[in-house]
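The structure appears right after this line, and notes come after that.
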Amino acid sequence: MKKAVRVILYIIGILILIVALLLAWLSIAEYRPEPVEKEDIVSGTTADLTLTPGSTFSVTTWNIGYAGLGAGSDFFMDGGTNVKSADEDQVTAYLKGIRDTLDAEGKANIYLLQEVDRDSHRTYGIDEAEFLGKNSYTTALNYSCPFVPYPWPPIGKVQSGLMNMSEYTISESNRISLPCPFKWPLRIANLKRCLLVNYIPIQGTDRYLVTVDLHLEAYDSGEGKIAQSQQLREFIASEYAKGNYVIAGGDFNQNFPGTTDIYPDRHSDLWSPGELDSSLLPDGFSYAYDLSSPTCRLLNQPYNPSDTENTQYYVIDGFIVSPNIRVENVKTIDAGFANSDHNPVHMTVTLLDS
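Residues 5 to 358 in this note's numbering are what the sequence shown lists, from first letter to last.
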């Protein structure tokens, strides 16, 4: 009996040591970005376009779900069972479908993408930015961890973030860190949210079109989204005060106004987004979104639109625009959630001559 107890204690000791060493390694390797970091601009073929006051152009935003969350997928954080629900061939097929959509219904002059993997275990090391990249583009990490140890099997290595593509010349690109709501040890293997901010010169002026790509907190208790939204508000207000044109777009992980009237939340026990209201908008700014189709589905099961009881929809993707921009139209592209758990949102705008 004493020998058995010693063996059990020995095994427990080994397990504790392994966990301690893992936490120590992840703490040392933790991604700690600076408050503001310059990002490289990858120059590609552009349409040789320029922006001037009065220009009309289009923008598409899309959370591509790292090309691993298409129609056949569910996800453990949303009430599903899978950590990695797409094999390598399926990830490649989803990526091709995403690229086809961006070249057709979602075709735009500027793209604001989220959840773009660069080198992740869940997407088999595929550089999705290189796969999708066209024109000039920039990227910014918001999830960088050498090994995410949960759940089981573990997520593993993640390198993922935001991507902005533009037919216009980008003069500067910055990664701006957002507040992280998580404490140690959850923080060390969690997302470090950010804004990816690009500056596009307005010809004949000293002003810029400032595009802000964002993906706000999802799985927090609410304080993270509030703090990040407040920093976003302050930033876009400061850029407008300089005389710039500002478009902020992406996955807010918060319902746009009027959403729940059309898509009521019947599964709040699994995951629920926050709620956007006018408090996020600086004076004169406005939301641009479309309620005619949902922009996101709950990943509690593979997509089955005929199962109306268990299929949950949201409208959490869209834009904020400054007062010197007129929205001509905005539409959610109903892509049937074939290649991502989100649908893209396409917007056409005009820069006002003011």
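For glycine and all other residues, C-beta sits at the position ideal for the given N, C-alpha and C.
query: CA-CA distance, V319 and N259?; result: 6 Å
query: Given a cut-off of 7 Å, decide if D78 and N67 are closer than it, judged by their beta-carbon atoms.; result: no
query: Quick check on the DSSP output: the alpha helix (DSSP H) that includes G228 runs from which residue to which?; result: 227 to 245
query: What three-state label does DSSP hand Y98 in the structure shown?; result: helix
query: Across the region 293 to 306 and the region 245 to 252, are there enough close Cβ pairs to call them in contact, namely three or more that are closer than 8 Å?; result: no
query: Which residues in the same chain as Y244 place their Cβ atom closer than 6 Å to its Cβ, once the five residues preceding and following it in sequence are excluded?; result: V250, S326
query: Name the DSSP beta bridge partners of A252, please?; result: V216, I324
query: Report the option in P298, P39, Q305 whose CA atom is closest to the CA atom of K335.; result: P298
query: Can at least three beta-carbon pairs, one atom from the region 148 to 157 and one from the region 170 to 186, be found at a separation below 8 Å?; result: no
query: Can you say whether Y14 is buried or exposed, counting buried as having 16 or more other CB atoms within 10 angstroms of its CB?; result: exposed
query: Throw me the rounded Cβ distance for the V349 and D321 pair, which I believe falls under 8 Å.; result: 5 Å
query: Going by Cα to Cα distance, which pick from S225, E176, W188 is closest to E435?; result: Past the edges of the chain, shown from 5 to 358, lies residue 435, and the structure says nothing about it.
query: Can at least three beta-carbon pairs, one atom from the region 94 to 114 and one from the region 54 to 70, be found at a separation below 8 Å?; result: yes
query: With Q118 and H219 assumed to form a contact (beta carbons below 8 Å), what rounded beta-carbon distance in angstroms separates them?; result: 4 Å
query: Since T60 is in the alpha helix (DSSP H), which residue starts that stretch and which ends it?; result: Not the alpha helix (DSSP H): T60 falls in the beta strand (DSSP E), residues 60 to 67.
query: Determine the extent of the alpha helix (DSSP H) in which D265 is found, giving its start and end residues.; result: 263 to 266
query: On a Cα-Cα basis, can you pick out the residue from N343, L355, K7 that is closest to V95?; result: N343
query: In the DSSP assignment, find the unbroken alpha helix (DSSP H) run with L55 in it and report its ends.; result: Taken as a continuous stretch (DSSP letters only), L55 belongs to no alpha helix (DSSP H), as it is neither H nor E.
query: For L73, report the span of its alpha helix (DSSP H) as first-last.; result: Where L73 is concerned, there is no enclosing alpha helix (DSSP H), given that its DSSP letter is neither H nor E.
query: Which residue wins for smallest C-alpha separation from I324, given the options S140, I20, T215, P268?; result: T215
query: Leaving out the 5 sequence neighbours to the left and right, which residues in its chain are closer than 7 Å to G262 when beta-carbon positions are compared?; result: L295
query: Tell me the DSSP bridge mates of K335?; result: H350
query: Below 8 Å on the Cβ atoms is my guess for C300 versus D357; work out the distance and round it to an integer in Å.; result: Between D357 and C300 the Cβ distance is about 36 Å, and since that is not below 8 Å, they are no contact.
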